[in-house]
Amino acid sequence: MSTRRETVRQALTESSGFRSAQDLYADLRSEGSKIGLTTVYRALQALSDSGEVDVLRTDDGEAVYRACITDSHHHHLVCRGCGKAVEIEGPAVERWADSVGAQHGFTDITHTVEVFGTCGDCAAAKR
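Structure below.
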């Protein structure tokens, strides 16, 4: 792994929650790193491709990243209020995706699913 990619991976590991490339870049630069924004994006893409980071899309379409906690395929349950994310497995989703693909003659099915809601802490704060 390149030194710069390791720098980005370490920054994500030390972060809580999902972070944008711009946020990571700003943090790294404020710590004295000379890393460029394009390098941060490339490192995040490589880390995503290797399964080392999770990627979500925000409501405005921006990609946000965090260090992946598990090695297996999973989905995320994300709080709309605070951004807390929980990794979840969805065997029913896996079966459904494979079934839909097969019904239409597709093979090698992949998918991305994010489930959004309000966590218990945010729900309690609204009461």
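So in the UniProt record's numbering, spot 100 of the sequence shown is number 100, and the numbers just go up one at a time. Virtual Cβ for every residue (Gly too), placed ideally from N, Cα, C.
- With 16 or more other Cβ atoms from the protein chains shown falling within 10 Å of its own Cβ, F18 counts as buried.
- Partner residues in a beta bridge of S15, as assigned by DSSP, do not exist.
- Spatial neighbours of G81 in its own chain (CB-CB distance under 6 Å, excluding positions within 5 residues in sequence) are listed in chain order as T118, C122.
- In this structure, the CA atom of K126 is about 13 Å from the CA atom of C79.
- Note that the C-beta distance between L44 and A63 is below 9 Å.
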